[in-house]
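Here's the structure, in structure tokens; my notes come after.
In the numbering used here, the protein residues as written are 3 to 126.
Here it is in structure tokens:
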């Protein structure tokens, strides 16, 4: 099991890999929240690892410590670091696309979710 401080340290190291220009207009930065963000869709329970937000309060990326611990608490640090990096880079892609007025990754995510739910419901 990793502590929230362990995850924060890894996230800071990942953030150091990202060019400063990518943080432009990300006024809320990358926030690590001590909760599991779960939702139920079409009877399937899902864990959200991260989210990109932009609204009247600004733009920020949330990473959910509880979700990571639910899924990755017993993996090696290398595996955890890989999953955290993929999640952070994924959310940064949403941020950069949002700044450019694009929705390509958002649409791709929606399609993948529909396919996942369709495949999951077929197995019941």
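Ideal Cβ positions, reconstructed from N, Cα and C, are used throughout, including at glycine.
For residue 67, no beta strand (DSSP E) run applies; the uninterrupted alpha helix (DSSP H) run containing it begins and ends at 67-74, by DSSP. By the 16-neighbour rule on beta-carbons within 10 angstroms, residue 15 is exposed.
Note: residue 41 is bridge-paired with 48 in the DSSP secondary-structure output. CA-to-CA, the gap between residue 109 and residue 8 works out to about 33 Å. According to the DSSP assignment, residue 98 belongs to the alpha helix (DSSP H) that extends over 79-102.
With respect to residue 28, residue 72 sits apart: the two C-beta atoms are not nearer than 9 Å.
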